[in-house]
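From first to last, the protein sequence lines are chains A and B. Sequential numbering of the first sequence, starting at 1, is according to this note's numbering. Sequential numbering of the second sequence, starting at 1001, is according to this note's numbering. From the three backbone atoms N, C-alpha and C, an ideal C-beta is built for every residue, glycine too. First comes the structure, then the notes that go with it.
Number of protein chains: 2
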Amino acid sequence: MSEYNFCYKYPHPAVTADCVIFGFDGFSIKVLLIQRGIEPFKGKWALPGGFMNIDETAEECAKRELEEETGLKNASVEQFYTFSDVNRDPRERVITVAHYALVKLAEVKGGDDAASARWFSMDEVPRLAFDHDRILRMAASRLKERICFEPIGFELLPEVFTMTELQNLYEAILEVKFDRRNFYSKMLKLGILVETEPRPEWASRRMPTKYRFNAAMYAELKQKGFRLEF
Amino acid sequence: MSEYNFCYKYPHPAVTADCVIFGFDGFSIKVLLIQRGIEPFKGKWALPGGFMNIDETAEECAKRELEEETGLKNASVEQFYTFSDVNRDPRERVITVAHYALVKLAEVKGGDDAASARWFSMDEVPRLAFDHDRILRMAASRLKERICFEPIGFELLPEVFTMTELQNLYEAILEVKFDRRNFYSKMLKLGILVETEPRPEWASRRMPTKYRFNAAMYAELKQKGFRLEF
DNA sequence: TAATTTTGCGTAAATTTAACGCAATAAAAT
DNA sequence: ATTTTATTGCGTTAAATTTACGCAAAATTA
Chain A
1 MSEYNFCYKY PHPAVTADCV IFGFDGFSIK VLLIQRGIEP FKGKWALPGG
51 FMNIDETAEE CAKRELEEET GLKNASVEQF YTFSDVNRDP RERVITVAHY
101 ALVKLAEVKG GDDAASARWF SMDEVPRLAF DHDRILRMAA SRLKERICFE
151 PIGFELLPEV FTMTELQNLY EAILEVKFDR RNFYSKMLKL GILVETEPRP
201 EWASRRMPTK YRFNAAMYAE LKQKGFRLEF
Chain B
1001 MSEYNFCYKY PHPAVTADCV IFGFDGFSIK VLLIQRGIEP FKGKWALPGG
1051 FMNIDETAEE CAKRELEEET GLKNASVEQF YTFSDVNRDP RERVITVAHY
1101 ALVKLAEVKG GDDAASARWF SMDEVPRLAF DHDRILRMAA SRLKERICFE
1151 PIGFELLPEV FTMTELQNLY EAILEVKFDR RNFYSKMLKL GILVETEPRP
1201 EWASRRMPTK YRFNAAMYAE LKQKGFRLEF
């Protein structure tokens, strides 16, 4: 008896979910890739992801595969585009629902179909398997759009951070430079930042103020959106 | 011999493409629906759409189904979300790549699996088949977001139109009211409008200036985006 | 015939943005 | 040890933009 036991009247494509996971090390944007442990493209770097089970949503699939292949748990992934070109995959017709997430950098390890997993700076990413180069490019461009209309950073930065670190994050994503003093006042005016402790009188200029996010205000701005013109 | 001839090692979901087609009649936003001619949900209204062929992309499928079911050709559809809830469809596991498009109102007619097709005002839309209510809601919300960052109207308005018609369009989509005089100057400043003919000296106030879009400028703004703050 | 509506064209005040100055001092260079 | 450079906080000012209206001409409606 054949092992091909799932039969349909009409041909069905396979469906996968892939993940573009962004992180930030204080200076530049990183992306999490896995090295494929099986054919096709064995040995090549690729986005984490894999075939959808018949009883899970695309988002559930993305989270499951991400954890299986990299060890990263509870990322809050969001789908951004479905790639359905006919010859994306040499094995069979496969369409993929691509997701992205912003996470704090964490230790990752290969697992399941992934021989290994690690963070890459955006400018050191090698040629990827399948059409994953294209998927990554689109994710980066969506990230740029998003940063202008809702606050990010909460997901990417440590609990406590300086204004300079926040500015570095924005500059890394948007690939531009801002005037430090204007950035400073614009961010404070948004009201999503709170000083971690009152700055002492004697504090030196080289002990920068530390901030954390005001979660309530952050969520509200995320909800209703804003405009960062820069 | 069974008619179930397409067999796989693992279960595969079916994939469909659905279309949310928006139009504008000068006063309010319309959406194009079809009445289902076959089970399930026979007789219910639904979004145009259907199963993807194995050799076409989701976008091609959306366009094909749209033409088959409503007669509308060459709509420039764009995908906006993939719905993958497990029990969306009573027949089998179906995930759908939802698309939307802005078109000039045109005569439509039912065809193929659609008993009939017609335009509905957004506030007279009945309960739809499947999870199409949810899909429609998300499309409307995406349309609202989009209108603030890139010009629309070219797709929705007739060749030649008045400033008041353009304002009605924006007000209908965003569900707000603008000051006529500020809207007027803001739009002119964008540079995407050209007067169809020099306004004669003797023109009365009740013969409003007619505009058309400056295609080149329109495309450029579409490309690089802008911010309509309002 | 009088009141109302629509359209084009302004204008002034309030707000926001953009560009940059300056002092204190830590860190690095000489 | 001394000088130079870099970082941080806290401004200021001019330009640009947004917002809230005013007003008149003419068509429409009452």
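Short Cβ contact (7 Å threshold) for residue i with residue j
i: A/Glu59; j: A/Ile34; result: no
i: B/Gly1004; j: A/Lys9; result: The question names Gly, but residue 1004 of chain B in the sequence shown is Tyr. A contact, by the Cβ cut-off of 7 Å.
i: B/Arg1212; j: B/Val1160; result: yes
i: A/Pro90; j: A/Pro11; result: no
i: A/Ala17; j: A/Val94; result: no
i: B/Ser1028; j: B/Ala1139; result: no
i: B/Val1086; j: A/Asp55; result: yes
i: B/Thr1196; j: B/Lys1186; result: no
i: A/Cys7; j: B/Cys1061; result: no
Neighbour-count burial assignment, residue i, 16 or more Cβ in a 10 Å radius
i: A/Pro48; result: buried
i: A/Ile38; result: exposed
i: B/Gln1223; result: exposed
i: A/Lys109; result: exposed
i: A/Lys177; result: exposed
i: B/Lys1042; result: exposed
i: B/Leu1188; result: exposed
i: B/Arg1036; result: buried
i: B/Gly1225; result: exposed
i: B/Glu1065; result: buried
i: B/Val1194; result: exposed
i: A/Glu165; result: buried
Residue-level contact to chain B via CB, residue i, 7 Å cutoff
i: A/Thr57; result: yes
i: A/Pro13; result: yes
i: A/Thr82; result: yes
i: A/Tyr4; result: yes
i: A/Ile135; result: no
i: A/Val103; result: no
i: A/Val97; result: yes
i: A/Arg227; result: yes
i: A/Arg93; result: yes
Cβ distance (whole Å) where residue i is taken to contact residue j below 8 Å
i: B/Ala1098; j: B/Tyr1081; result: 5 Å
i: B/Leu1190; j: B/Leu1169; result: Not quite, the Cβ-Cβ distance comes to about 15 Å (not below 8 Å), so this is no contact.
i: B/Pro1208; j: B/Met1163; result: 7 Å
i: A/Leu136; j: A/Val103; result: With a Cβ gap of about 16 Å, A/Leu136 and A/Val103 do not count as contacting.
i: B/Leu1105; j: B/Ile1147; result: The pair is not a contact, with the Cβ atoms about 18 Å apart (cut-off 8 Å).
i: B/Thr1057; j: A/Ser84; result: 5 Å
Residue-level contact to chain A via CB, residue i, 7 Å cutoff
i: B/Val1086; result: yes
i: B/Ala1077; result: The residue you asked about is not Ala; residue 1077 of chain B is Val in the sequence shown. By this cut-off, B/Val1077 is not an interface position.
i: B/Tyr1008; result: yes
i: B/Arg1118; result: no
i: B/Val1176; result: no
i: B/Val1020; result: no
i: B/Ile1054; result: yes
i: B/Arg1064; result: no
### Query
Taking contact to mean at least 3 C-beta pairs separated by less than 8 Å, is the region 208–223 of chain A in contact with the region 139–151 of chain A?
yes
### Task
Could you say if the region 127–135 of chain A and the region 37–54 of chain A meet the contact criterion of at least three C-beta pairs nearer than 8 Å?
yes
### Query
Counting pairs of beta carbons, one from the region 112–123 of chain A and one from the region 19–30 of chain A, are three or more of them closer than 8 Å?
yes
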